[in-house]
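Counting in my numbering, the sequence shown runs from -10 upward without gaps. Each residue gets a CB set at the ideal place from its N, CA and C atoms; glycine is no exception. Below is one structure; the comments refer to it alone.
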Amino acid sequence: MPKTARELIERAFHVSFKLPHQAAELLDGHRVENRREAFADAANLIRSLPAPPEAGPDWHWYTFALNRAADRLDQLAKEQQ
-10 MPKTARELIE
0 RAFHVSFKLP
10 HQAAELLDGH
20 RVENRREAFA
30 DAANLIRSLP
40 APPEAGPDWH
50 WYTFALNRAA
60 DRLDQLAKEQ
70 Q
């Protein structure tokens, strides 16, 4: 049994009797899955960025802002589920 939206879509292409609304639901599910993964990947990327040398002693403000952005992306990823 397919589990991901992508697998469902691939299966739908092999089954010719799928109705248009069912195909639209499958595509919507795939879109949500991709958006959730993109938000999670962006959050991980942001968290891995080092503070720039120009930040000097105020580097903690820079990383605080990055972490806030990453937290918001994580929140958006969870909302997509």
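Straight-line Cα distance separating residue 55 from residue 38:
Working through the sequence shown from its first residue, we reach residue 38 at position 49. Working through the sequence shown from its first residue, we reach residue 55 at position 66. Rounded to the nearest angstrom, the two C-alpha atoms are 8 Å apart.
To which residues of the same chain is residue -5 closer than 8 Å at the C-beta, ignoring the five residues directly before and after it?
The count along the sequence shown starts at 1 and reaches residue -5 at position 6. If we look at residue -5 and ignore the five residues flanking it on each side, its Cβ neighbours are 19, 22.
Residue 64 - containing alpha helix (DSSP H), residue span:
Taking the sequence shown and counting its residues from 1, the one referred to as residue 64 is at position 75. Start and end: 48 to 68.
Sorted by chain position, which residues of the same chain lie with C-beta nearer than 7 Å to residue 59's C-beta, five sequence neighbours on each side aside?
Within the sequence shown, the letter at position 70 stands for residue 59. Around residue 59: 32, 35, 36.
At the 7 Å Cβ level, is residue -3 part of the contact set with chain B, yes or no?
No chain B is present in this structure, which holds just one protein chain.
Residue -2 versus residue 11: straight-line alpha-carbon distance, rounded
Position 9 of the sequence shown, counted from the start, is the residue given in the question as residue -2. Position 22 of the sequence shown, counted from the start, is the residue given in the question as residue 11. Using only the alpha carbons, I get a separation of about 10 Å.
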